[in-house]
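Residues in the sequence shown are numbered consecutively from 1, following this note's numbering.
Ideal placement from N, C-alpha and C gives every residue a C-beta, glycine not left out.
Bear in mind that the values here come from a model prediction, so they are computed numbers and not experimental data.
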Amino acid sequence: MNNRPKDPKTARNKNVLVVGGSGSGKTRFFIKPNLMQCESKTYPVSFVVTDPKGSLVGEVGHLLRRNNYRIKVFNTINFKKSMHYNPFAYIHSEKDILKLVNTLICNTKGDGKSGDDFWVKAETLLYCALIGYIHYEAPENEQNFATLIELVNAMEVREDDETFENPVDIAFKELAKEKPNHFAVRQYAKYKLAAGKTAKSINISCGARLAPFDIQELREITMYDELELDTLGDKIYKSPDADKDDFQKTALFLIMSDTDSTFNFLISMIYSQLFNLLCEKADDKYGGRLPVHVRCLIDEAANIGQIPNLEKLVATIRSREISACLVLQAQSQLKALYKDNADTIIGNMDSRLFLGGSEPTTLKELNQSLGKETIDTVRPDRALSKVV
1 MNNRPKDPKT
11 ARNKNVLVVG
21 GSGSGKTRFF
31 IKPNLMQCES
41 KTYPVSFVVT
51 DPKGSLVGEV
61 GHLLRRNNYR
71 IKVFNTINFK
81 KSMHYNPFAY
91 IHSEKDILKL
101 VNTLICNTKG
111 DGKSGDDFWV
121 KAETLLYCAL
131 IGYIHYEAPE
141 NEQNFATLIE
151 LVNAMEVRED
161 DETFENPVDI
171 AFKELAKEKP
181 NHFAVRQYAK
191 YKLAAGKTAK
201 SINISCGARL
211 APFDIQELRE
221 ITMYDELELD
231 TLGDKIYKSP
241 DADKDDFQKT
251 ALFLIMSDTD
261 STFNFLISMI
271 YSQLFNLLCE
281 KADDKYGGRL
291 PVHVRCLIDE
301 AANIGQIPNL
311 EKLVATIRSR
321 EISACLVLQA
331 QSQLKALYKD
341 NADTIIGNMD
351 SRLFLGGSEP
361 TTLKELNQSL
371 GKETIDTVRP
381 DRALSKVV
């Protein structure tokens with residue numbers, strides 16, 4: 001796991017692309033063996049694992065715990081068996097608000113066409129304004145999606161009365177008097193440029209996008225945070241007087257349904273925030289490298305939704321002691337999700353593992369990558385022949 005070995009020939013990045021059809025053994029022969037290696041004493045490793053069926057945590061969880069791993073589970077199949085995850089807990093600046101909104105929109109756009117661009121940008125303005133208000137002005141226990149839903153529901157618009165002010169308008173008006181340059185105020189002012197009928201349509205679009213949060217269980221699970229994503233690469237100390245650092249190893253299991261993608265956008269939000277948080281922490285606190293390597297084993301990578309800027313992340317996370325292993329059924333899945341950026345993502349995977357499959361695009365690209373080669377063979381009579 002050493003990213004800087006003495007021999008430069010072995011200095012490969014730890015990103016892996018695994019391709020294999022259904023039943024080819026992606027979980028059995030790749031995910032599980034990697035988890036069961038746990039870590040070495042010299043190079044401690046934390047794991048973030050996508051668990052499509054919810055079986056991995058039961059099969060390897062006890063082994064990891066015996067090796068001093070702390071286990072965290074986020075379960076989108078059965079919320080009652082899940083730890084809490086609040087994306088608002090990782091907002092520390094205005095740019096974090098924009099990243100959260102971008103991730104939310106990328107993974108809840110459904111089958112929207114390019115003609116919907118205006119409504120997406122208008123929604124972005126409103127989300128930034130409301131989340132900015134919640135982050136900077138609301139008490140800590142109210143900084144969650146439940147409060148965001150309440151604000152959207154309170155935004156009544158009357159088409160025949162442009163002077164009508166709903167409770168949210170009044171709240172922003174009072175905030176503008178105190179802090180005219182507030183981030184949320186500036187975003188809300190742009191949203192208010194829309195006429196009554198347009199604003200009503202924007203509110204409806206926001207309500208439709210946030211519809212999953214009308215489910216009480218989902219609002220409850222995002223009420224506060226227990227995953228502590230920003231601590232996955234940290235080290236801890238045995239005692240204040242200890243001479244040697246002790247490493248904190250974590251295994252985070254992200255359980256998602258392999259038949260229903262309704263709540264998969266939450267998994268994508270976790271990965272997006274995870275990469276950004278750890279990269280910033282590596283740069284700001286640890287001089288560019290996390291003390292504990294964070295290995296992301298992303299099973300069914302095409303089904304968790306789109307991770308914004310993944311093509312840039314896979315190129316930069318290596319130096320921060322983070323690696324990503326994308327597990328797919330076919331390479332065409334990656335192209336369908338990331339379009340032209342799929343080739344960039346594949347290009348940053350130093351290792352490619354093909355476990356079998358019959359998808360034409362995958363076979364064609366593998367054939368082109370392997371190319372033609374001359375093989376020398378020695379027969380029993382010691383005659384040297386060449387086979388092309």
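Among the options, which has the Cα closest to the Cα of residue i?
{"i": "Thr10", "options": "Leu100, Thr377, Arg66, Ser351", "result": "Ser351"}
{"i": "Asn313", "options": "Gln273, Thr163, Phe88", "result": "Reading off the sequence shown, one finds Leu at residue 313, where the question assumed Asn. Measuring from the Cα of Leu313, the nearest candidate turns out to be Gln273."}
{"i": "Ser201", "options": "Glu178, Met155, Gln37", "result": "Met155"}
{"i": "Ile71", "options": "Ile317, Asn107, Val101, Val60", "result": "Val60"}
{"i": "Gly23", "options": "Asp343, Ala336, Leu328", "result": "Leu328"}
{"i": "Lys235", "options": "Ile215, Pro291, Thr262, Ile267", "result": "Pro291"}
{"i": "Glu150", "options": "Asp160, Glu159, Tyr127, Arg158", "result": "Tyr127"}
{"i": "Asn107", "options": "Asn264, Gln216, Pro33", "result": "Asn264"}
{"i": "Leu252", "options": "Ser261, Thr316, Leu227", "result": "Leu227"}
{"i": "Leu175", "options": "Ile322, Ser93, Gly132", "result": "Gly132"}
{"i": "Asn181", "options": "Asp343, Glu94, Leu334, Phe88", "result": "Glu94"}
{"i": "Phe118", "options": "Tyr90, Leu334, Arg158, Thr198", "result": "Thr198"}
{"i": "His84", "options": "Leu266, Leu193, Thr103", "result": "Leu266"}
{"i": "Gly305", "options": "Phe172, Leu334, Ile322", "result": "Leu334"}
{"i": "Glu365", "options": "Ala342, Thr377, Arg379", "result": "Ala342"}
{"i": "Asp161", "options": "Asn153, Phe213, Gly196", "result": "Gly196"}
{"i": "Asp214", "options": "Tyr188, Ile170, Glu373, Asn153", "result": "Asn153"}
{"i": "Glu140", "options": "Ile91, Ile170, Lys179, Arg12", "result": "Ile91"}
{"i": "Ser46", "options": "Leu232, Glu178, Asn367", "result": "Leu232"}
{"i": "Ser55", "options": "Thr316, Met256, Val378, Leu98", "result": "Met256"}
{"i": "Asp96", "options": "Tyr136, Thr262, Glu373", "result": "Tyr136"}
CB-CB under 6 Å to residue i, same chain, minus the five flanking residues each way: which ones, in chain order?
{"i": "Phe30", "result": "Val18"}
{"i": "Ile134", "result": "Gln143, Thr147"}
{"i": "Lys190", "result": "Leu125"}
{"i": "Asp81", "result": "Position check: residue 81 holds Lys in this sequence, whereas Asp was assumed. Excluding residues within five positions, the ones whose Cβ falls inside 6 Å are Asn75."}
{"i": "Pro44", "result": "Phe247, Lys249, Val292"}
{"i": "Ser319", "result": "none"}
{"i": "Ser323", "result": "Lys14, Asn15, Arg295"}
Look at the Cβ atom of residue i, then the Cβ atom of residue j, and state whether they are nearer than 9 Å.
{"i": "Asp225", "j": "Leu278", "result": "no"}
{"i": "Ile307", "j": "Gln331", "result": "no"}
{"i": "Thr76", "j": "Leu355", "result": "no"}
{"i": "Leu100", "j": "Ala184", "result": "no"}
{"i": "Lys249", "j": "Asn78", "result": "no"}
{"i": "Val73", "j": "Arg295", "result": "no"}
{"i": "Asn276", "j": "Glu311", "result": "no"}
{"i": "Tyr338", "j": "Ile298", "result": "no"}
{"i": "Cys325", "j": "Val120", "result": "no"}
{"i": "Glu359", "j": "Gly21", "result": "yes"}
{"i": "Pro87", "j": "Phe172", "result": "no"}
{"i": "Leu363", "j": "Gly357", "result": "yes"}
By Cβ distance, which residues of its chain are closer than 8 Å to residue i, with the 5 residues on each side in sequence left out?
{"i": "Asp442", "result": "Because the chain here runs from 1 to 388, residue 442 falls outside it and cannot be looked at."}
{"i": "Ala138", "result": "Thr147"}
{"i": "Ser239", "result": "Because Ser239 sits at a pLDDT of 48, beneath the cut-off of 50, its placement in the model cannot be relied upon, and the following sentence gives the value as read from the coordinates. So no residue of the chain qualifies."}
{"i": "Glu123", "result": "Ile105, Ile202, Ser205, Cys206, Arg209"}
{"i": "Thr361", "result": "Ala330, Gln331, Ser332, Lys335"}
Could you name the residues of the same chain whose beta carbon sits closer than 7 Å to that of residue i, not counting the 5 residues immediately before and after it, in chain order?
{"i": "Leu63", "result": "Met36"}
{"i": "Thr103", "result": "Ser268, Met269, Ser272, Pro308"}
{"i": "Thr344", "result": "Glu311"}
{"i": "Ser369", "result": "none"}
With hydrogens ignored, establish whether the beta-carbon of residue i is closer than 8 Å to any heavy atom of the ligand SAH.
{"i": "Ala282", "result": "Although the ligand SAH was asked about, the structure shown includes no ligands whatsoever."}
Notebook entry, point to check: Is the stretch 209 to 224 close to the stretch 159 to 177, with three or more CB pairs under 8 Å?
Noted result: no
Item checked: Ordered list of alpha helix (DSSP H) runs contained in the stretch 185 to 211, each at least 4 residues -> Listed in chain order, the complete alpha helix (DSSP H) runs (minimum 4 residues) inside the stretch 185 to 211 are 196 to 209.
Notebook entry, point to check: What runs of the beta strand (DSSP E), each 3 residues or longer, lie entirely inside the stretch 320 to 364?
Noted result: 322 to 328, 351 to 354
Checklist line | Complete runs of the alpha helix (DSSP H) confined to the stretch 15 to 53 [at least 4 residues] | finding: 32 to 36
Margin query: If we require 4 or more residues per run, which alpha helix (DSSP H) segments fall completely within the stretch 115 to 176?
Written below: As far as the stretch 115 to 176 is concerned, its whole alpha helix (DSSP H) runs of at least 4 residues are 117 to 137, 145 to 153.
Margin query: Report the start-end ranges of each alpha helix (DSSP H) in the stretch 277 to 319 that is 4 residues or longer and not cut off at the edges.
Written below: 310 to 316
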